[in-house]
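Here the working numbering is used: the first residue of the sequence shown is 1, the next is one more, and so on.
Everything on this sheet refers to the single structure shown next.
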Amino acid sequence: EEHPVPGGLWEEEKVLVLEQSWRPCPKARRRLRGCLEWVKRQLFRVGEDWYFLFILGVLMATISFMMDLLVARLFEAHRWLYREVGDILVLKYLSWTMYPTALAAFSTGFSQSITPHSGGSGIPELKTILTGVVLEDYLAIHNFGAKAVGLTCTLACGSTVFLGKVGPFVHLSAMAAAYLGKMRTSVTREYENKFKQNEMLVAAQAVGVATVFGAPISGVLFSVEVMASHFAVRDYWRGFFAATCGAFMFRLLAVFNSEQGKARWSDLKIDFPFDLLETFFFAIVGAVCGLAGCAYLFCQRWLLAAVKENRLTAKLLATDKPVYTVLVVLLLASITFPPGLGQLMASRLTMKEYLTSLFDNRTWGLLVPNASSVADPPSRDPRGLWQEWCHPSATFFGTLAFFLLMKFWMLILATTLPLPAGYFMPIFIYGAAIGRLLGETVALLFPQGLHPEGALRPIVPGGYALAGAAAFSGSVTHAISTALLVCEATGHLGHVLPVVLAVLVANAITQKHQPSFYDGTIIVKKLPYLPPIRSRHMASYQVVVEEFMDHQVVSLPKDGGFEEVLVALDASADTEYPVVESAGSPTLVGTVKRAQLVAFLQSHKHPQAPPGEKVNGKGGWSAPHRTQIKLVSHPKINMSPPPKLATTGTLGDDCAVEPIMLQLSPWTSLHQTHHLFELLKLQRIFVTQFGELVGAVSRAEVRGGTRE
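Below you can see the structure in the form of structure tokens.
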């Protein structure tokens with residue numbers, strides 16, 4: 001019943017008046033809306049991709065720079081605290097260990113409390129998503145905040161934990177690209193296209209690498225090598241444009257903040273960077289890095305699986321992740337304590353200072369006789385950081401060897417931490433240490449160079465450090481573009497040929513014996529990713545679909561009714577079912593979605609229709625679990641008159657049967673099937689022989705075929 005209000009207006013009329021009062025000047029608003037639509041049409045005439053890629057690059061560069069700035073402040077606070085406690089050994093130990101332990105515990109607790117998908121680098125999950133598999137919440141916007149805050153705290157731990165930012169930043173860029181894609185959909189008022197989403201994700205990979213190193217070209221190539229098994233050339237310009245915008249913005253912010261001198265790790269300005277005979281030693285560097293990469297990948301994958309299988313660690317990772325983080329970080333911090341073993345590993349250096357010292361173009365063997373005692377605190381002069389590798393009781397050969405020995409297992413142990421962290425920069429530094437040790441050894445053996453007569457061309461150990469960094473990181477990630485990455489990030493192209501040689505040798509060894517770091521993580525996490533076929537023997541090319549396909553396929557006849565549909569829904573929980581001509585003729589005519597079958601039953605008010613599968617907001621059907629259909633009616637149905645059922649109704653008449661666009665032959669090879677699944681991002685293909693359905697192949701069968 002309507003009640004009048006004072007003033008003679010009814011309640012409904014008053015609401016209308018109030019709504020109209022909030023929108024004055026309708027003509028002006030229409031003109032303004034028309035002007036905005038015209039501006040949008042003019043801006044988008046060149047394509048909206050340019051604007052969103054530009055925004056993506058600038059946004060991620062700004063976030064990367066601000067993160068580096070905040071991490072530097074937090075690390076300086078740690079140094080100040082360690083310096084101010086005085087010479088009391090207990091206080092120095094507590095200040096050295098408790099600071100990174102608290103930051104790592106907060107990183108784990110904060111990120112895991114928001115979403116459990118924020119741990120690790122995110123690259124294995126992103127590789128899986130790019131193959132067409134949907135992983136819920138990995139690209140959600142709330143995961144962005146959790147990973148950004150957690151990564152900042154992880155990086156602030158410094159070289160104590162020895163972790164980087166490349167992987168998580170690629171994941172952050174992908175999440176930002178997914179959110180910008182949704183914004184573009186709302187702005188352009190277009191349907192959300194999966195191909196557009198994939199294009200933005202491909203560009204985001206390059207942006208993530210470029211805004212960390214300030215290297216757009218190698219960022220694009222590295223993302224293509226690591227993330228994609230097949231790459232569409234039409235996406236090439238998107239990656240380069242977004243990466244260039246991000247790298248340019250990152251360098252611009254560094255200039256404005258007077259950090260342009262710190263953007264480079266090395267200054268290798270040498271007239272004769274290497275002698276032609278040195279290529280033999282660079283090949284040795286590649287071989288050593290390849291063997292070390294095989295050992296690292298095997299041990300890392302073994303430890304990651306062992307931690308998940310061990311009763312104590314598995315319980316901690318399942319219920320008390322911050323406790324596990326505290327225990328591991330406390331162990332790592334205790335080992336790197338400077339008055340203890342840390343003095344033999346240059347543990348007071350940051351990750352960037354490690355690279356600056358290892359890429360030094362001077363020979364340390366010639367500087368040691370003129371060196372003074374190691375300063376406390378360490379010198380912040382980039383040309384004096386090498387002194388951190390000197391120790392009164394050991395030469396720099398001993399400190400470098402001890403660093404490699406200890407960091408090998410410490411880095412592997414750090415990869416098990418359930419916090420946002422990257423693993424590329426640590427292996428990059430580790431490879432630089434391998435190259436530096438071998439380079440100093442060659443310089444010691446040939447102090448006058450490989451040609452004693454004629455012009456003096458001394459050995460440059462910094463060039464070997466470049467080759468080692470590129471070779472070891474490239475072998476672990478199965479990438480060749482790391483050779484260009486070290487040259488582009490340092491601004492030195494003089495050693496590009498020996499660096500490429502070292503990377504090729506290292507990759508030839510590692511790719512033959514071990515999967516890449518990210519593929520190994522996918523294997524341990526059991527993600528639904530299609531692994532590459534490692535075997536290249538002729539016998540692998542003779543494996544055909546008939547040997548590994550699923551022969552028991554639930555199909556539906558085109559003239560089938562309610563009984564056939566009920567049996568199919570109860571026998572299988574597949575999202576689509578093959579439709580054959582008839583029960584006696586298994587000729588494949590198309591497929592029908594499970595949602596269509598449920599709708600077929602429910603539209604005819606069949607009493608045995610699955611009640612648990614309902615239409616969702618996007619027009620599809622959702623079934624949280626497999627529906628068990630019983631052939632007996634509920635007792636309540638017998639208490640009232642049964643609903644009127646349709647006396648006629650067939651699958652072919654009432655359901656939309658979609659035609660088959662692609663099908664396999666039983667004699668199709670495993671390699672061809674694998675390429676089709678990778679290239680077209682397929683989930684399942686039906687197998688026919690002379691037009692008749694004989695089986696089906698899904699990703700599970702292809703994975704089983706590759707293992708065999």
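Backbone N, C-alpha and C fix where the C-beta goes; we use that ideal spot for every residue, glycine too.
Since we're looking at a predicted model, the values are computed, not measured.
Check: Three-state class that DSSP yields for K644 in the structure shown; Outcome: The pLDDT assigned to K644 is 44, lower than 50, so where the model puts this residue is not dependable, and the model offers no usable value.
Check: Residue nearest to A283 in terms of C-alpha spacing, selected from E576, V592 and H495; Outcome: H495
Check: Buried versus exposed call for T415 [16 or more other C-beta atoms within 10 Å across all chains shown]; Outcome: buried
Check: Segment limits, beta strand (DSSP E) that includes E436; Outcome: Note that residue 436 is Arg in the sequence shown, not Glu. No beta strand (DSSP E) holds R436; the alpha helix (DSSP H) holding it covers F424 to L445.
Check: DSSP beta-bridge partners of V580; Outcome: P557 and L588
Check: V288, DSSP secondary structure in three states; Outcome: helix
Check: DSSP bridge partner residues for V697 (one or two, in chain order); Outcome: I685
Check: Touch test, the segment 296-308 against the segment 65-82, Cβ-Cβ under 8 Å, three pairs minimum; Outcome: no
Check: Test item: CB-CB of S582 and P557 under 8 Å; Outcome: yes
Check: Exposed unless 16 or more other CB atoms sit within 10 angstroms - verdict on I141; Outcome: exposed
Check: Length of the line joining the Cα atoms of T521 and F562; Outcome: 46 Å
Check: Within 8 Å, strictly: CB atoms of A489 and G214; Outcome: yes
Check: Delimiting residues of the alpha helix (DSSP H) encompassing C245; Outcome: Y236 to F256
Check: Close Cβ partners of T650 (< 8 Å) along its chain, the five nearest in sequence each way excluded; Outcome: K558, D559, G560 and G561
Check: Beta carbon of F52 nearer than 8 Å to that of L180; Outcome: yes
Check: Rounded C-alpha distance that separates G463 from K352; Outcome: 17 Å
Check: K308, DSSP secondary structure in three states; Outcome: helix
Check: The ligand NAD heavy atom lying under 7 Å from the CB of S582; Outcome: The ligand NAD is not part of this structure, which contains no ligands at all.
Check: For H674, three-class secondary structure by DSSP; Outcome: helix
Check: Chain-order list of residues whose beta-carbon lies under 7 Å from that of V553 (same chain, five-residue window excluded); Outcome: P578, L693, G695 and A696
Check: Neighbourhood of Q689 by C-beta distance below 8 Å, restricted to the same chain and skipping five residues each side; Outcome: S665 and P666
Check: Per DSSP, cross-strand counterpart(s) of V544; Outcome: S669
Check: Assumed close pair V503, A471 - CB separation to whole angstroms, cut-off 8 Å; Outcome: 5 Å
Check: Per DSSP, cross-strand counterpart(s) of H391; Outcome: A394
Check: Euclidean distance between Cα positions of T211 and H171; Outcome: 13 Å
Check: Sub-8 Å separation of G164 and G422 beta-carbons; Outcome: yes
Check: C-beta atoms of L139 and A102 nearer than 8 Å; Outcome: no
Check: F280 classed as buried or exposed, judged by whether at least 16 other C-beta atoms fall within 10 angstroms; Outcome: exposed
Check: Outcome for E701 when other beta-carbon atoms lying within 10 angstroms are tallied against a minimum of 16; Outcome: buried
Check: Cβ neighbours of V226 in the same chain (closer than 6 Å, five flanking residues each side left out); Outcome: T477 and A479
Check: For Q514, the nearest candidate out of S107, P447 and A292 (CA to CA); Outcome: A292
Check: CA-to-CA distance, S107 to C153, given in whole angstroms; Outcome: 6 Å
Check: Stretch-stretch touch, CB-based, cutoff 8 Å, three pairs: the segment 358-365 with the segment 113-128; Outcome: no
Check: Proximity to G584 [Cα-Cα], best of A568, S555 and T482; Outcome: S555
Check: Cβ neighbour criterion (16 or more within 10 Å) applied to I718; Outcome: The structure shown has nothing for residue 718, since the chain only spans 1 to 708.
Check: Exposure of G167, with buried meaning 16 or more beta-carbon neighbours within 10 Å; Outcome: buried
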